[in-house]
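Read in this note's numbering, the sequence shown has 478 at position 55, and its numbers run on one by one without any break.
Idealized CB from N, CA, C, for every residue including glycine.
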Amino acid sequence: MDLFEYQGKQYFARYGIAVSAGGVALTVDQAVAQAESAKYPVVIKAQVQVGGRGKA
């Protein structure tokens, strides 16, 4: 199963496992809007698919 990290966090949250707050932005404007709503400072992280045996 290949998932992006945010998708894995959604599965965890669905089953009551605590995850940190976050969001996904596809444009710069979306990223700015999310950062402003979260209050600064924020961290921006690229998403990569994960899965398999320890390989990203």
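Going by DSSP, what residues sit across from F427 in a beta bridge? Answer is Q472, bridged to F427.
Measure the alpha-carbon distance for T450 versus A456 and round it to whole angstroms. Taking the straight line from one Cα to the other gives about 10 Å.
For a test of your reading of the model: does the CB of A461 fall under 8 Å from any non-hydrogen atom of the ligand ADP? Yes or no. Inclusion of the ligand ADP in the displayed structure is not the case, the ligand content being empty and no account of it being possible.
For A454, which of helix, strand or coil comes out of DSSP? Helix, per DSSP.
For I467, I'd like the list of residues in its chain whose CB is within less than 7 Å of its CB, leaving aside the five on either flank, ordered along the chain. Here the set comprises A454.
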